[in-house]
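A short write-up of the structure that comes next.
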Ligand SMILES: Cc1cc2nc3c(=O)[nH]c(=O)nc-3n(C[C@H](O)[C@H](O)[C@H](O)COP(=O)(O)OP(=O)(O)OC[C@H]3O[C@@H](n4cnc5c(N)ncnc54)[C@H](O)[C@@H]3O)c2cc1C
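In the numbering used here, the protein residues as written are 33 to 394.
Here it is in structure tokens:
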């Protein structure tokens with residue numbers, strides 16, 4: 033069996049890269065051990081063009097957003113199923129100071145296409161607590177990540193292009209032509225293992241910061257599902273009276289166990305948005321592959337050019353992955369360089385420290 037690419041990992045990063053490579057006419061085999069609590073499977077799937085307390089436009093959003101819109105729309109047409117739901121995001125001001133910060137920042141900004149409205153007073157919706165008003169952000173929404181991955185995996189499986197098993201590093205051989213894995217050969221192999229790249233002997237030197245996140249799904253009535261709400265947490269309406277609330281950030285305990293503290297943090301923050309009663313329908317935790325400089329990790333290994341990585345999507349994988357997958361797939365097939373901001377070459381000094389420390393050959 034001979035392929036252009038082996039892709040290890042079928043989370044958001046691997047799935048979008050594999051699909052993009054196939055669309056570009058490359059033959060691809062995916063190896064993925066399904067993981068119900070992977071970051072991709074628990075993610076809220078949100079896309080927010082104006083994020084954070086400092087009201088900053090998301091990095092390269094003007095390029096990433098059109099690419100994400102086009103990619104997910106094409107997938108919807110391909111599978112005949114809605115996957116990417118556009119919804120306005122009501123960012124509620126938490127104080128007069130925050131309202132002032134926004135007013136000052138928004139004056140003369142170049143992001144008006146993302147803002148549907150600014151409200152200095154409450155919208156007066158009976159179920160929402162917004163005494164200082166907020167901003168309505170447009171062009172955002174959420175992706176049904178888990179559903180999309182299932183559709184893509186089923187398609188690969190039916191075509192015999194997905195091995196649903198753990199990748200066994202001991203079976204990997206690097207050859208002059210590329211790689212050999214069991215009885216499979218490929219010109220290139222791309223690791224898309226999410227935070228589990230920390231166990232990968234070829235890429236363990238990358239500065240990944242596994243970041244635990246917890247999300248709740250709550251059932252509640254009388255809550256307007258026409259927009260996503262954001263004030264310390266996101267509240268994403270996912271249908272049938274269900275709302276996804278997330279997420280926490282925890283760097284200390286990188287495990288996938290939902291905790292009482294996580295639930296408490298989310299419910300307390302939710303209670304700042306609404307006093308409606310609700311029941312908790314589910315509580316999940318996953319680990320984000322975050323990076324120190326908040327930029328993804330992509331590109332070829334410093335020594336073994338047949339090995340590459342596509343990872344480090346942090347908390348913005350849904351927005352960034354389609355554009356970056358197209359860019360990385362093109363670079364890997366044409367031999368061009370990956371763009372410097374995401375290229376792992378920015379961390380090559382860590383690789384040399386790592387091999388010196390381990391007394392390995394460079
Ligand atoms: C609580 C939470 C909420 C989030 N909310 C959002 C959000 O609203 N919007 C957003 O854009 N992002 C969000 N994120 C972040 C987003 O989930 C990640 O950026 C993205 O899913 C990372 O995808 P990935 O493919 O790199 O990793 P993963 O999702 O971890 O996928 C990696 C895959 O590789 C497989 N794998 C790993 N090692 C091996 C191996 N050796 N052999 C075989 N298979 C292997 C795993 O089983 C898994 O299937 C959230 C994350 C969390 C945890």
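C-beta atoms are modelled at their ideal positions from N, C-alpha and C, and glycine is treated no differently.
Report whether the distance from the Cβ of residue i to the nearest heavy atom of ligand 1 is below 7 angstroms.
{"i": "residue 101", "result": "no"}
{"i": "residue 245", "result": "yes"}
{"i": "residue 346", "result": "yes"}
{"i": "residue 118", "result": "no"}
{"i": "residue 65", "result": "yes"}
{"i": "residue 284", "result": "no"}
{"i": "residue 343", "result": "yes"}
{"i": "residue 259", "result": "no"}
{"i": "residue 203", "result": "no"}
{"i": "residue 321", "result": "yes"}
{"i": "residue 234", "result": "no"}
Around the C-beta of residue i, are 16 or more other C-beta atoms found within 10 angstroms, so that it is buried, or is it exposed?
{"i": "residue 51", "result": "buried"}
{"i": "residue 263", "result": "buried"}
{"i": "residue 135", "result": "exposed"}
{"i": "residue 189", "result": "exposed"}
{"i": "residue 180", "result": "buried"}
{"i": "residue 345", "result": "buried"}
{"i": "residue 243", "result": "buried"}
{"i": "residue 358", "result": "buried"}
{"i": "residue 198", "result": "exposed"}
{"i": "residue 64", "result": "buried"}
{"i": "residue 128", "result": "exposed"}
Using DSSP bridges, identify the partner residues of residue i.
{"i": "residue 371", "result": "None, per the DSSP bridge assignment."}
{"i": "residue 276", "result": "249 and 268"}
{"i": "residue 118", "result": "173"}
{"i": "residue 318", "result": "245"}
{"i": "residue 220", "result": "37"}
{"i": "residue 342", "result": "330"}
{"i": "residue 166", "result": "124 and 151"}
{"i": "residue 104", "result": "Note: residue 104 sits in no beta bridge, so no partner."}
{"i": "residue 260", "result": "121"}
{"i": "residue 63", "result": "40 and 195"}
Just checking my contact of residue i with residue j at CB under 8 angstroms: how many whole Å lie between their CB atoms?
{"i": "residue 353", "j": "residue 45", "result": "6 angstroms"}
{"i": "residue 161", "j": "residue 304", "result": "7 angstroms"}
{"i": "residue 246", "j": "residue 317", "result": "5 angstroms"}
{"i": "residue 235", "j": "residue 323", "result": "Incorrect: roughly 12 angstroms between the Cβ atoms, too far for contact."}
{"i": "residue 360", "j": "residue 97", "result": "Contact flag wrong, Cβ pair sits at about 18 angstroms."}
Is residue i near ligand 3, in the sense that its beta carbon is under 7 angstroms from a heavy atom of that ligand?
{"i": "residue 125", "result": "Of the ligands this structure carries, namely ligand 1, none is ligand 3."}
Subject >> At least 3 beta-carbon pairs within less than 8 angstroms: the stretch 252-262 vs the stretch 115-129 >> reply: The stretch 252-262 and the stretch 115-129 touch, with no fewer than 3 CB-CB distances between them shorter than 8 angstroms.
Original post:
Do the stretch 342-353 and the stretch 285-305 make contact, defined as three or more Cβ pairs closer than 8 angstroms?
Top reply: As far as the Cβ criterion goes, the stretch 342-353 does not touch the stretch 285-305, which means the pair count is below three.
Original post:
Is the stretch 237-252 in contact with the stretch 266-285, if contact means three or more CB pairs nearer than 8 angstroms?
Top reply: The stretch 237-252 vs the stretch 266-285: in contact.
Original post:
Looking at C-beta atoms only, is the number of pairs between the stretch 310-325 and the stretch 69-82 that lie closer than 8 angstroms three or more?
Top reply: Contact between the stretch 310-325 and the stretch 69-82 is present, because at least three Cβ pairs lie under 8 angstroms.
Original post:
Can you find at least 3 beta carbon pairs, one from the stretch 208-216 and one from the stretch 102-115, that sit closer than 8 angstroms?
Top reply: Contact between the stretch 208-216 and the stretch 102-115 is absent, because fewer than three Cβ pairs lie under 8 angstroms.
**OP:** Give a yes or no on contact between the stretch 325-341 and the stretch 216-233, applying the rule of three or more CB pairs nearer than 8 angstroms.
**Re:** Cβ pair count under 8 angstroms is three or more, so yes.
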